[in-house]
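Residue numbers (UniProt numbering), protein chains in the order written: chain A, 1 to 472; chain B, 1 to 472; chain C, 1 to 472.
For every residue, glycine included, the Cβ atom is placed at its ideal position computed from N, Cα and C.
See structure below.
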Amino acid sequence: MSADKLSSVSKEVKPESMSLYPLGTAAAPEQELLCIFGTGDLGRSLGQRLLHSGYRVVYGSRRPHSCGPLPQGAQAMSHEAAAQSASLVFLCIHREHYDFLETLAPQLQGKVLVDVSNNLKKNLYPEANAECLQRLIPGAYVVKAFNTLSAWALQNGPSDANRQVYLCGNGAEAKQAVAEVATKLGFAALDRGSLSAAKELEDFPLQLFPEWRMPLYVAVGLTAFIFVYVVIRDVVYAYVEQGEDNSFRIMVSLANKVFPIVSLIMLSLCYLPGVIAGFIQLYRGTKYRRFPDWLDRWMLCRKQLGLVALGFAFLHMVYTLIIPIRYVTGAPYYFKNNRTSVFDTTTAWRSDSYYSMGILGFGLFLLLGITSLPSVSNALSWREFSFIQSKLGYLTVFFCTFHTYLYGWDKFLRTYKWYMPPAYMLSLVLPSVLIVLKLLLLLPCVDRSLTRIRQGWERTDTQDGSEKPLLT
Amino acid sequence: MSADKLSSVSKEVKPESMSLYPLGTAAAPEQELLCIFGTGDLGRSLGQRLLHSGYRVVYGSRRPHSCGPLPQGAQAMSHEAAAQSASLVFLCIHREHYDFLETLAPQLQGKVLVDVSNNLKKNLYPEANAECLQRLIPGAYVVKAFNTLSAWALQNGPSDANRQVYLCGNGAEAKQAVAEVATKLGFAALDRGSLSAAKELEDFPLQLFPEWRMPLYVAVGLTAFIFVYVVIRDVVYAYVEQGEDNSFRIMVSLANKVFPIVSLIMLSLCYLPGVIAGFIQLYRGTKYRRFPDWLDRWMLCRKQLGLVALGFAFLHMVYTLIIPIRYVTGAPYYFKNNRTSVFDTTTAWRSDSYYSMGILGFGLFLLLGITSLPSVSNALSWREFSFIQSKLGYLTVFFCTFHTYLYGWDKFLRTYKWYMPPAYMLSLVLPSVLIVLKLLLLLPCVDRSLTRIRQGWERTDTQDGSEKPLLT
Amino acid sequence: MSADKLSSVSKEVKPESMSLYPLGTAAAPEQELLCIFGTGDLGRSLGQRLLHSGYRVVYGSRRPHSCGPLPQGAQAMSHEAAAQSASLVFLCIHREHYDFLETLAPQLQGKVLVDVSNNLKKNLYPEANAECLQRLIPGAYVVKAFNTLSAWALQNGPSDANRQVYLCGNGAEAKQAVAEVATKLGFAALDRGSLSAAKELEDFPLQLFPEWRMPLYVAVGLTAFIFVYVVIRDVVYAYVEQGEDNSFRIMVSLANKVFPIVSLIMLSLCYLPGVIAGFIQLYRGTKYRRFPDWLDRWMLCRKQLGLVALGFAFLHMVYTLIIPIRYVTGAPYYFKNNRTSVFDTTTAWRSDSYYSMGILGFGLFLLLGITSLPSVSNALSWREFSFIQSKLGYLTVFFCTFHTYLYGWDKFLRTYKWYMPPAYMLSLVLPSVLIVLKLLLLLPCVDRSLTRIRQGWERTDTQDGSEKPLLT
């Protein structure tokens, strides 16, 4: 294998090669020369870093003699001269100024053009900057790269969220040349394919949690609603009807009612779309028709819904564990000791099961959270991932719902205040529906149909193609 | 450097090149045509996705005019015509049907064949599907790819556990062509080497936590045993001898006895094989002989043993923290208040040390768990990883064992019921043995011998090669 | 695209190719032959693994007939014969012995030389081993690889922290040949660029948490200081002035004073350098001058400072939650019940807010910790990462500081013992300063100046270039 590779290496060492150094010696010439177009912030930051990493840098500028302070050691030339001196040109100029590059087409012929530009917002232009550039100068190898880094990282080298340089372009060798530079600057270069990926790379630095928005809106909305509900039911009611000032309960007691309720509802919202999709496929008798848009979007943010729910579950756990501290540290006024302390094995079973279900549910939930860490889910096969997220996921839903039912126990449907049921009852609606629907899907006859549909079977009214083999 | 690369780019632009477009322009032709063999579920899912990503798709079929519904925009042809129209052919057919491909060898000559197939179970065939294919059509470039994705991901694009397309094959350029398609479909392509890796890739989607099985069996077995033990000792004993019904204690109190015991035993099981290996090497006087199979397999699942132990330790922590809540929330019948509340500094030291050891041990344990996340351990050098997993690991074992000894304190060997010692004493056997063995290995003279053996020194009976330099 | 790639594949199949097998058949020859120079530990471990993975191995040795035990199946020859028999040579010899290789230059011409060597400490030589080797044998393709693996992994294949083989070298095809071998041995090969990265790769296995040192020293120093402080104030004072023996409080109560204090101080230390950098840039009126060295180094370990602080915060949380257990489990002597149990809504608000701030602060802190996991921060765009680490980071600082102020409440500046203020007051100095400085930077006029400076604007005394466009 290696011998074959070597043959193609040795092939490259031939007289007509325009290589700067004979590959036979395989010794990199020190101080390769790179060119930067643009003496603005971006150009200067990048130039400083390149110089610092052992490259020589020449700037192309409209006014090479008055282009302001350049990094020490860099040289300014006219665009033409600069382009001719180096085989790799960084473009640190705004897209609006790309037009003048057309006049440089002869000088840029065969050069690697690295487009570092970003736009101020998404979809300003129909075409990616890099694609526009490639159209203007068809003879050059345009590579989109470095645009996802912060200015700080461009100037100072990799830092936490800036270790990776994504690049794309149509010429494999051109991309490799840029990747070498990125590696030498300390970054890890990741090839994202042909220049058609440029649009995506240009949108990347502008994004701010696009797939987290819906889940966070839902979380905020639910939290606000439940909070108002429990404040009315617990604080306002007590104040109006009994003249008691319970307002201090907002900080811990009521928070600890809001968090588990929101968590359980969002956990159901995370698993509901999968069940709905199953019913839609059953109804349609095929899996090849697209789901309605709302369902598609819902399914794409399941992970985020689940992680937000996990966050609320975590807060619920800590708020619960903090309860006895308030008691112990001299605040017995929190607790009205008019409880019946009659020993009762049933009650003991119930309350201990209640705690156990909560803990085990939270433990499983945490496991789901850990397996959705990118590095962990990448290490899992699809079968393993779906085992955890589906099988263990429904177990989590069941534990948490059961935990809440045990909390209610015999107080169910009894303790209304101003016709408002206790808040925890609100949280039980969705998970109960979810569990019933899931159980329906697990019925053997339903499950069989669904499995066939998911393997490609289609229900046809004419009944002729219904037993088609899956692979032909 | 880049200039050299460019030279080989420009070389590619020559008249005899069969390139579809001149690289000099570096503009990707829109709407590349790809071919799919097989109109079953897999073929249709993949075709739908390819069409959606901007490719043109042509299907090869035995009955091009009656092959059932195809994705909108796709065309069906005979296998021969389809193969000739595209340079990249996806094979979405079962291995049993590969034979007919031999007749297409002339049309497939020089094409890239992407083998997407999977088998129903491991080791059905002695040879990987892709290798069999390569043998049948030696003139084609077979690339194994996309088989690790779920059908859902093939149809709808990347989702959580389906971001990476593993590929392998013998032709580097063929692999790159497939990688480009994968990237354009939104996946990250990962090269796994030559076609001999196909077997591994075909086994990957079938695996279901192979390396977790043994640890999970051990955990389940231990949990069951300890659970029965404490139920007999605490519940059945009380019922038989004192007529008390303690059964409610199962849910929290007994669970909280089982979890720490299983956790401590499994933590020791995680470090024991390393110590045993050390003694075997000392005994044999060389590190070049393979360990017995059982030890090899044991060593390979140390990480999983440790993580399961961490899960149990986490449950132990939460169950412990829940104890006072039961007391505070009106359930004082849990606690028999016949304790001696005489203040005693020694007791206070002991019980506070007991808590502290437990917390610090758990904190260290958590640190071990975090460093075994793939992305974290990849970022560590081998020296750093072994520092954490070995040095801090033994510290964790020590803290947790000491925590358990402090729990016992002066009750040791005193409170037998039906001749059964308290359950926590069972958990102390293995970690105590482990710590003693480790201390033996740390004795200067033993440590020196072991270090030399691990650096390649071999004890020979003839004594002649004993002082060989490590590198010659 | 793929057609173009194929053209260059087919080009390689030409008569003058010295390929071992015609690429047209794309069938890898079984049992490729590799050569290893050096029969020491490293050479034997590696050879064993290569043989086990299906390669044939030949050793090059000065004394081929008396070079000691070799792995079964390997052959020993003279260096010359061994080098000529294979196209890929692993060098498992110490750098000191490289000199003799010069005499082998004719045999090694055009071969791939894999330098596996490591040094005993950093900066022993001015030049990397691999670069020295390339200089000695300019006609060979030197690739640095495998040196970051442990000897165990080299012999037994990948394990947890040894999955990745970093390689660098000047010949792309040579690197690919080595990457193929690495893949076949079960490792993932990662290209780190040209041979100038060899120095970095050779330093990697020697590093032991270089960027964690400063934060850990700070943590240890702070912990020691605060510990002594609270021991004097709480234990020694009580002993001397009141004759009480409080020493048992060290294990839990005092630990739980030390941890939150150290955590809060280190959290401030994590955000302080960013604020200082802002003021320096404002003062200088430019971002292009380098920060003082101490600030640079401080900024580079912010992540580590924060993670250590998170560890202490975690311990604080668990130690706090353990408090009521001590009370419940029969140890009421811990608590002096001379507290005023008068119900007071203000006190209740204060203490519940105190708990809530602490929990929310810890929850946010945990979120910061999770987003600094490598796999998570790699998935974030720069804008998202800086939103979390900066916006949510300062919110965390605020919550935690407010939590501490609420802890103090009206005891502020009152309870001195031996003129020593309570320890928590010490922890408030830095975060308070940090918050004030940050608020100053957020003043609209200051913020505007700083933003302009960070976009590349420079304050010049001559005032001529002050309104330069950012990109030209």
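Mapping the DSSP letters down to three states, classify residue i as helix, strand or coil.
{"i": "CYS67(C)", "result": "coil"}
{"i": "GLY278(A)", "result": "helix"}
{"i": "MET420(A)", "result": "strand"}
{"i": "VAL235(B)", "result": "helix"}
{"i": "ASP191(A)", "result": "strand"}
{"i": "ALA74(C)", "result": "coil"}
{"i": "CYS270(C)", "result": "helix"}
Going straight from the alpha carbon of residue i to that of residue j, what length do you get?
{"i": "GLN109(C)", "j": "ALA86(C)", "result": "12 Å"}
{"i": "ASN378(A)", "j": "ALA189(B)", "result": "12 Å"}
{"i": "VAL252(A)", "j": "ILE323(B)", "result": "19 Å"}
{"i": "TYR229(C)", "j": "MET420(C)", "result": "9 Å"}
{"i": "PRO431(A)", "j": "GLY38(B)", "result": "42 Å"}
{"i": "LEU450(B)", "j": "ASP41(C)", "result": "14 Å"}
{"i": "PHE248(C)", "j": "ASP352(B)", "result": "7 Å"}
{"i": "TYR405(A)", "j": "ILE250(B)", "result": "20 Å"}
{"i": "PHE385(A)", "j": "TRP152(B)", "result": "13 Å"}
{"i": "TYR334(A)", "j": "LEU321(B)", "result": "Below a pLDDT of 50, predicted positions are generally treated as unreliable, and TYR334(A), at 48, falls in that range; no measurement from the model is reported."}
{"i": "TRP418(B)", "j": "ILE276(B)", "result": "35 Å"}
{"i": "ARG326(B)", "j": "THR347(A)", "result": "12 Å"}
{"i": "LEU366(A)", "j": "ILE388(A)", "result": "12 Å"}
{"i": "HIS97(C)", "j": "LEU133(C)", "result": "11 Å"}
{"i": "GLU32(A)", "j": "GLY139(B)", "result": "42 Å"}
{"i": "ALA423(B)", "j": "ASN246(B)", "result": "17 Å"}
{"i": "MET317(B)", "j": "ARG290(C)", "result": "48 Å"}
{"i": "VAL57(A)", "j": "GLY54(B)", "result": "40 Å"}
{"i": "TYR394(A)", "j": "TYR239(A)", "result": "41 Å"}
{"i": "TYR237(A)", "j": "VAL433(A)", "result": "30 Å"}
Sorted by chain position, which residues of the same chain lie with C-beta nearer than 7 Å to residue i's C-beta, five sequence neighbours on each side aside?
{"i": "VAL262(B)", "result": "ALA219, LEU222, THR223, ILE226 and PHE312"}
{"i": "PHE402(C)", "result": "MET357"}
Go ahead and label residue i buried or exposed: buried means 16 or more other beta carbons lie within 10 angstroms of its beta carbon, across all protein chains shown.
{"i": "LYS257(C)", "result": "buried"}
{"i": "TRP409(C)", "result": "exposed"}
{"i": "THR345(C)", "result": "exposed"}
{"i": "GLN207(A)", "result": "exposed"}
{"i": "TRP457(C)", "result": "buried"}
{"i": "PRO469(B)", "result": "For PRO469(B), the predicted structure reports a pLDDT of 43, less than 50, and the residue's modelled location is therefore unreliable. A value from the coordinates is still provided. With fewer than 16 other Cβ atoms within 10 Å, it is exposed."}
{"i": "PRO71(B)", "result": "buried"}
{"i": "THR415(C)", "result": "exposed"}
{"i": "ASN129(B)", "result": "buried"}
{"i": "LEU154(B)", "result": "buried"}
{"i": "GLY47(A)", "result": "buried"}
{"i": "HIS215(B)", "result": "According to the sequence as given, residue 215(B) is Pro; it is not His. So PRO215(B) counts as buried."}
My assumption, with CB atoms under 8 Å, is that residue i sits in contact with residue j. Please give the rounded CB distance.
{"i": "PHE314(B)", "j": "MET357(B)", "result": "So it is not a contact: roughly 17 Å between Cβ atoms."}
{"i": "LEU267(C)", "j": "VAL397(C)", "result": "6 Å"}
{"i": "ALA82(C)", "j": "GLN176(A)", "result": "Incorrect: roughly 32 Å between the Cβ atoms, too far for contact."}
{"i": "LEU272(B)", "j": "GLU211(B)", "result": "Contact flag wrong, Cβ pair sits at about 18 Å."}
For residue i, which residues of its own chain have a beta-carbon under 6 Å away from its beta-carbon, when the five flanking residues on both sides are left out?
{"i": "VAL178(B)", "result": "VAL114, VAL143, ALA145 and LEU167"}
{"i": "ASP459(B)", "result": "In the sequence on display, residue 459(B) carries Arg and not Asp. Closer than 6 Å at Cβ, skipping near neighbours: GLY285."}
{"i": "GLY306(C)", "result": "CYS270"}
Apart from the five residues just before and just after residue i, which ones in its own chain have a Cβ nearer than 8 Å to its Cβ?
{"i": "ARG454(A)", "result": "GLN281 and LYS287"}
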